[in-house]
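If you're matching positions, the sequence shown starts at 1 in UniProt numbering and goes up one per residue.
Using N, Cα and C, we set each Cβ at its ideal position, and we do this for glycine too.
Here the structure is laid out as structure tokens; the discussion comes afterwards.
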Amino acid sequence: MPQLARRIGRAKPSAIMQIAEKAKRLKSEGRDIISFSIGVPNFLPGEHVYQAAREALEHDSGQYGSNRGADAMLDAFLQHIEKIGLTGYTRANLATGVGAKHVLYNLAEALLDEGDTIAFPTPYWTSYLDIAEIVDAKVDLLPCPPEQDYKLTPAQLDAALAKKPRVFLFNNPSNPTGMVYGRDEIAALADVIAKYPDTWIITDDIYNRMVFDGVGYHNFVHCRPELKDRVIFVDSLSKTYGMPGWRVGFMAGPEVVAQAVVTMNSNHITSLPEVVNAAATAALSGPQDVPDAKCAEFQAKRDQVMAVMDSIPGVVCPRPQGAFYVFPDISCAFGKTHGPTGKVVGNDVEFCSVLLEAKGVACVPGSAFGEPRALRISYTCPTPQLAPGIERFKEFFSELS
Ligand SMILES: Cc1ncc(COP(=O)(O)O)c(C=O)c1O
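What follows is the structure, encoded as structure tokens:
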């Protein structure tokens, strides 16, 4: 039999999806499962989005579209990012993709030759590593433990950029930690970036509308507009508008980079479907009450989860200020035995596995994000499930000795 490409040997299925699948299977077998695993927003977009899609269907929605994205959608996105202070961009600075994941993949293809280095903080969103491995880039992981609130310091960034990586990939608010960098923190990192002109900066900030406590969203180009010729902002409709299955991602950055992504699109997807363009345009330019309400709801859920985390002896959980994740350090449990099942919890993977079997609560082990002392709780489940789910989590701790 002929061989597969070496690249496929480096490609791994998403660790998060594997947990989500296991939880789904147990549920279909009749188990009472509460899933904190997959990062889905769990709400639907407003009626105007469906209306726009229906209207598009009635016209000539079967045509090929633009490799960059429909003009109306690009214009709606330009107006959308102006509201978060990203101004002065034109259609030529934009490109779209089948979700931000696809945009990120295209950026990796466009910016990294084999053997080039991409640096990013740990904990990281799982796909960063997976994509880097597929394109055969070298990865420089910058460890940001809970002791520093999972945040990158200017000194760490300076040391990393001094090694001249081709790309520095930044994520704010963070998946998996929910951490948000304040204005001063972003300004300090931007000052470091300004010293190193040979590195592209990708800011994967798809949770930029889900920021709590009045911290606000800040980007390197807010602090240093001259970085616009190297900073690539990535956004998505998935989480903000409850539209993960519609698969729409964006980038705004230097024209040359946007054009590279458009060229990649022309070679594999051609364009997003017209119905999707219409729905995306409506989401971006229509009423924003759904995302605004959801942000307030997630902040309240964050408070609910944190109240329980703070009450479990030994658990260290930096307080998230955005997205919909908490990322507790649960390493105090390692080496202990779970009384009712008699199982030893040796590490994060075993913790999640025994927790799922014993309590029917699905979480993602931190090692999927490069931090094996922790686990990720995604708290977007239906509200009535949240309190029992986190209570079961707490109960599990009380059963360890
Ligand atoms: C940080 C981050 N970037 C990108 C993505 C991908 O989003 P999309 O659904 O637009 O592909 C996700 C999805 O979970 C994410 O958490």
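ask   = Out of Cys223, Lys359 and Pro365, which has the shortest C-alpha to C-alpha gap to Gly346?
value = Check the Cα spacing between Gly346 and each of Cys223, Lys359 and Pro365: the tightest is with Pro365.
Arg209 classed as buried or exposed, judged by whether at least 16 other C-beta atoms fall within 10 angstroms = With 16 or more Cβ atoms within 10 Å of its Cβ, Arg209 is classed as buried.
Beta-carbon contacts of Pro165 that lie in its chain and below 7 angstroms, excluding the five residues immediately before and after = Closer than 7 angstroms at the Cβ level, and outside the excluded window around Pro165, lie Thr117, Ile118, Ala119, Asp140 and Thr199.
request  = Determine the direct distance from the alpha carbon of Lys394 to that of Ser311, and round the result to whole angstroms.
outcome  = Answer to the nearest angstrom: the Cα atoms are 8 angstroms apart.
task = Using a threshold of 8 angstroms, state whether the C-beta atoms of Ala100 and Asp213 are closer than that.
result = No.
inquiry  = By DSSP's criteria, Gly322 is part of a beta bridge. Which residues make up the other side?
reply    = According to the DSSP secondary-structure assignment, Gly322 is paired through a beta bridge with Val211.
ask   = According to DSSP, is Phe247 helix, strand or coil?
value = Residue 247 is actually Arg in this sequence, not Phe. Secondary structure of Arg247 (DSSP, three-state): coil.
Contained beta strand (DSSP E) runs [length at least 3] in the stretch 223 to 247, N- to C-terminal order = Counting whole runs of 3 or more residues, the stretch 223 to 247 contains the beta strand (DSSP E) stretches 231 to 236.
request  = Take the Cβ of Arg25 as the centre, count every other Cβ of all protein chains shown within 10 Å, and call the residue buried at 16 or more, exposed below.
outcome  = If you draw a 10 Å sphere on the C-beta of Arg25, you find fewer than 16 other C-beta atoms in it, and that means exposed.
inquiry  = Tell me which residue opens and which closes the alpha helix (DSSP H) that residue 446 is part of.
reply    = Nothing can be reported for residue 446, as the shown portion of the chain is limited to 1 through 401.
Sub-8 angstroms separation of Met73 and Asn277 beta-carbons = Judged by their CB atoms, Met73 and Asn277 are nearer to each other than the 8 angstroms cut-off.
query = When you compare only the Cα positions, how much space is there between Cys363 and Phe324?
reply = Across the structure, Cys363 and Phe324 are spaced so that their CA atoms are roughly 13 angstroms apart.
message = Is the separation between the beta-carbon of Ala52 and that of Ala279 shorter than 8 angstroms?
response = Cβ distance < 8 angstroms, so Ala52 and Ala279 count as in contact.
ask   = Going by alpha carbons, who is nearest to Gly65 out of Pro328, Glu274, Phe298 and Ala293?
value = Of the listed residues, the one whose Cα sits closest to Gly65 is Glu274.
task = Pick helix, strand or coil for Gly85, following the three-state DSSP scheme.
result = Three-state result, Gly85: coil.
task = Say whether the stretch 296 to 313 touches the stretch 222 to 237, bearing in mind that this needs 3 or more beta-carbon pairs closer than 8 angstroms, one atom from each stretch.
result = The answer is no - the stretch 222 to 237 does not touch the stretch 296 to 313, with fewer than three Cβ pairs under 8 angstroms.
request  = Mind listing, in chain order, the continuous alpha helix (DSSP H) runs of no fewer than 4 residues lying wholly within the stretch 43 to 125?
outcome  = Runs of the alpha helix (DSSP H) inside the stretch 43 to 125: 47 to 58, 71 to 82 and 100 to 111.
task = Leaving out five residues on either side along the sequence, give the residues of the same chain with a beta carbon under 7 angstroms from the beta carbon of Pro45.
result = When the five nearest sequence neighbours on each side are left out, the beta carbons in the same chain lying within less than 7 angstroms of the beta carbon of Pro45 are those of Tyr241, Gly242, Met243, Ala283 and Val290, in order along the chain.
inquiry  = Tell me whether Ser238, by its Cβ, gets closer than 7 angstroms to a heavy atom of ligand 1.
reply    = Yes, the Cβ of Ser238 comes within 7 angstroms of a heavy atom of ligand 1.
inquiry  = Pop quiz: Tyr379 and Val305 are said to be a contact at Cβ under 8 angstroms. What is the actual Cβ separation, rounded to whole angstroms?
reply    = The C-beta distance from Tyr379 to Val305 rounds to 5 angstroms, short enough to meet the 8 angstroms contact threshold.
key: DSSP beta-bridge partners of Arg376   = Per DSSP, Val364.
request  = Just grab the DSSP bridge partners of Thr337 for me.
outcome  = Thr337 is bridged to Val344.
message = Check whether the stretch 79 to 96 and the stretch 331 to 338 touch, using three or more Cβ-Cβ pairs below 8 angstroms as the test.
response = The stretch 79 to 96 vs the stretch 331 to 338: no contact.
query = Based on Cα-Cα distance, which residue from Asp204, Glu147 and Asp329 lies nearest to Arg376?
reply = Ranked by Cα distance from Arg376, the first of Asp204, Glu147 and Asp329 is Asp329.
Integer Cβ distance of Val261 from Ala110, believed to fall under 8 angstroms = The C-beta distance from Val261 to Ala110 rounds to 6 angstroms, short enough to meet the 8 angstroms contact threshold.
ask   = Within the present structure, is the beta-carbon of Gly339 separated from the nearest heavy atom of ligand 1 by less than 7 angstroms?
value = Outside the cutoff, so no.
key: Limits of the unbroken beta strand (DSSP E) element including Asp198   = First-last for Asp198: undefined, no H or E at that position.
query = Which of the three DSSP states, helix, strand or coil, is assigned to Asp140?
reply = Looking at Asp140 - three-state DSSP - the assignment turns out to be strand.
ask   = Among the residues of its own chain, which have a CB less than 6 angstroms from the CB of Val221, if the five just before and after it don't count?
value = Result list for Val221: Leu227, Lys228 and Val231, in chain order.
Ile134 in three-state terms, based on DSSP = Helix.
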